[in-house]
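Asks:
In structure tokens:
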């Protein structure tokens, strides 16, 4: 049997294994998803009460991950939708819609009737049709304890001109998934990869689907050649010719019972559209071998289209997986991929031109005053480590370390310019986003905007909500549009009762409104009862909860009875304590 026959046989075997695994995961996940459908339906009934479009100025969005962040195709606006937030004990899901006005550096919240259900890890793409459309596919909903998942397979479009949501119901689309990638390319939405996870099983995909934006029909592509292995979180970029580039990604495999091994992919593929006209649905895979300096292996990076026929990669994390722990190295660098030259290269900041010119003139004047004597210039700056401390509202000190590379070498620059940049590093530290993974990025008018992301401090996850920008044409310096607010950082340590399994899903952790409503109902039941522990002056909420937890647990147990499960008792106790704390703060 020739090599081609062996590859075909291997490919068919892999397809059969994938089909069996998908059937197994689907069967086990069905029960979980039925449980969560009730929660999703409850949220949708709340959304159904919205009857009119309301756009209002607002503070920046609360910290969140895995939302979508897109540039409006016609206006100077960025659009943020959905996402999730985890505070150490609970997972919150969102389906709110925010607009960032670039020129005003301000946020507005847009309430539109009948939005998609709450979700995260979905994909969004914008097209300029009819005043602009935002298309959304898939994603996931998680139970409050983060142990059960519902994976969406629905398709929605937001008509930006009329501010209306519409669900597009077309058969033959991809199965439910999250972590997939979707791009708009030649009047089609192309979807690749992703994963589906249940409490015990998971499966990663490498299938490709196309949604025709003219006929509103799905088709599953069957490209010729050997394509990428199943993965999620990869880079997916359309080319001007209508082809698709895939780079990197992450997947994991079960190597033995309850032990999974992750894989960081660093390979690169081209999905090429062959033929013209009616034959454009014929596709083929080929492997790319780019030149230059490739990004170091990582997951959780963000990608965007860049000027001059390039795409970019920002940030990410490289996890060192041990038997019982994971240590992560976070990044805040930018890599460009030149599509025409098939070449990777790292971005280098040049620094402000005005400052370079001032220093050059100053050095010239000093040289003249010294009678032409040669000046001793400082040696080139090597990498600098910057350490910054952020104090959260609960008093936790988070130390952020980042390494700033030395001055970039560029053969096209004059010697005086190289000296200027060396001195730039000596005189001031550049302002840039701290290292992070899972950042949201968008490009508008050649400017890159980076919103949020996360990093870890020990066992604590810090979810960011800051906003930075950099001009990709000039590459001079980052601008801070919104600093991280330490008051938005909340982290509740996992207690022993949280580790116990609880098959029932109680409550609706979908956002601030629902949490406030449930807290109000519980506080009404408590009125007229015994005197509660007082809040001490200057005491943070997390400190109060830790100090008085046993009291509130006893009170919650007395209300719920001895048969109540520990996890539900803890949830009610924390809600009661939080409500009392907030009331005490307002009255003080």
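Numbering (the numbering used here), first residue to last: 494 to 1081. Each residue gets a CB set at the ideal place from its N, CA and C atoms; glycine is no exception.
Would you call the CB atoms of residue 798 and residue 932 closer than 9 Å?
Replies: No.
Asks: Helix, strand or coil, according to DSSP, for residue 971 in the structure here?
Replies: Residue 971: coil per DSSP, three-state reduction.
Asks: Between the Cα of residue 811 and those of 823, 675, 804, 801, spot the shortest distance and give me the residue it belongs to.
Replies: Looking at the Cα atoms, 823 is the closest of the given residues.
Asks: Measuring CA to CA, which of 952, 936, 803 is closest to residue 961?
Replies: When each option's Cα is compared against that of residue 961, the closest is 936.
Asks: Taking the C-alpha atoms as reference points, what is the distance between residue 647 and residue 947?
Replies: The straight-line gap from Cα to Cα measures roughly 27 Å.
Asks: Tell me residue 767's beta-bridge partners as DSSP assigns them.
Replies: In DSSP, residue 767 forms a bridge with 775.
Asks: Could you pull out every residue in the same chain whose Cβ sits closer than 7 Å to the Cβ of residue 975, ignoring the five residues on either side in sequence?
Replies: Around residue 975: 553, 959, 960.
Asks: Go to residue 675, then tell me how far its beta strand (DSSP E) extends in each direction, as first and last residue.
Replies: Run containing residue 675: 674-677, per the beta strand (DSSP E) assignment.
Asks: Go ahead and label residue 989 buried or exposed: buried means 16 or more other beta carbons lie within 10 angstroms of its beta carbon, across all protein chains shown.
Replies: Low confidence applies here, because residue 989 scores a pLDDT of 42, under 50, leaving its location unreliable and the question unanswered by this model.
Asks: Among 711, 706, 693, 645, which residue has its Cα nearest to the Cα of residue 752?
Replies: When only C-alpha atoms are compared, the closest one is 693.
Asks: Count the other C-beta atoms from every protein chain shown that fall within 10 angstroms of the C-beta of residue 742, then say buried if there are 16 or more, exposed otherwise.
Replies: Buried is the call here.
Asks: What does a CB cutoff of less than 7 Å around residue 551 pick up in its chain, not counting 5 residues either side in sequence?
Replies: So the list reads 600, 601, 602, once near-sequence residues are dropped.
Asks: CB residue 790 to CB residue 759, shorter than 9 Å?
Replies: Yes, the Cβ-Cβ distance between residue 790 and residue 759 is below 9 Å.
Asks: If we ignore side chains and look at the alpha-carbon of each, how far apart do residue 1069 and residue 1048 end up?
Replies: Those two C-alpha atoms are separated by around 9 Å.
Asks: Quick check on residue 547: buried or exposed, where buried means 16 or more other Cβ atoms within 10 Å of its Cβ?
Replies: When all chains shown are included, residue 547 counts as exposed.
Asks: Which whole-angstrom value is the C-beta distance of residue 719 and residue 778, which I expect to be below 8 Å?
Replies: The Cβ separation is near 6 Å, so the contact holds.
Asks: Can you tell me where the beta strand (DSSP E) with residue 710 in it begins and where it stops?
Replies: Residue 710 -> beta strand (DSSP E) spans 710-713.
Asks: Check residue 1046 in the structure and name its three-state DSSP category.
Replies: Residue 1046 falls in the helix class under three-state DSSP.
Asks: Quick check: residue 1082 and residue 566, are their CB atoms within less than 9 Å of each other?
Replies: The shown model of the chain, from 494 to 1081, leaves out residue 1082, and the question about it has no answer.
Asks: Apply the 10 Å Cβ neighbour rule to residue 709 and answer buried if 16 or more other Cβ atoms are within range, or exposed otherwise.
Replies: Label assigned to residue 709: exposed.
Asks: Closest by CA to residue 1073, which one among 1050, 836, 1044?
Replies: The shortest Cα separation from residue 1073 among 1050, 836, 1044 belongs to 1044.
Asks: Run through the DSSP bridge pairs and tell me what residue 728 is partnered with.
Replies: Answer is 740, bridged to residue 728.
Asks: Alpha carbon to alpha carbon, how far is residue 1037 from residue 963?
Replies: Using only the alpha carbons, I get a separation of about 41 Å.
Asks: What would DSSP say about residue 1020, mapped onto helix, strand or coil?
Replies: Low confidence applies here, because residue 1020 scores a pLDDT of 39, under 50, leaving its location unreliable and the question unanswered by this model.
Asks: Distance, Cα to Cα, residue 560 vs residue 615?
Replies: C-alpha separation (whole angstroms): 7 Å.
Asks: Count the CB pairs spanning the stretch 563-582 and the stretch 620-635 that are closer than 8 Å, and state whether there are at least three.
Replies: The stretch 563-582, when compared against the stretch 620-635, does touch it at the 8 Å Cβ threshold.
Asks: State buried or exposed for residue 1078, treating a residue as buried only when at least 16 other CB atoms are found within 10 Å of its CB.
Replies: Exposed, since its Cβ has fewer than 16 Cβ neighbours within 10 Å.
Asks: Along the chain, where does the beta strand (DSSP E) containing residue 656 start, and where does it finish?
Replies: Residue 656 -> no beta strand (DSSP E), and no H or E assigned at all.
Asks: Going by C-alpha distance, which of 837, 583, 673 is nearest residue 635?
Replies: Here the closest residue by C-alpha is 583.
Asks: Have a look at residue 1028 and residue 538 and give me their C-alpha separation to the nearest angstrom.
Replies: Distance between the alpha carbons of residue 1028 and residue 538: 37 Å.
Asks: Is it right to say residue 920 is buried, meaning 16 or more other beta carbons lie within 10 angstroms of its own, or is it exposed?
Replies: Any reading at residue 920 must be qualified, since the residue scores a pLDDT of 40, below 50, and its modelled position is unreliable; the value itself is stated next. Exposed.
Asks: For residue 644, count neighbouring Cβ atoms within 10 angstroms of its own Cβ and tell me buried if that reaches 16, exposed if not.
Replies: Buried, because 16 or more other Cβ atoms sit within 10 Å of the Cβ of residue 644.
Asks: Sort out for me which residues DSSP pairs residue 780 with in a bridge.
Replies: DSSP output for residue 780 lists 762 as bridge partner(s).
Asks: Go ahead and label residue 939 buried or exposed: buried means 16 or more other beta carbons lie within 10 angstroms of its beta carbon, across all protein chains shown.
Replies: Flag for residue 939 reads exposed.
Asks: With distances taken from CA atoms, which of 945, 676, 952 is nearest residue 629?
Replies: Closest by alpha carbon: 676.
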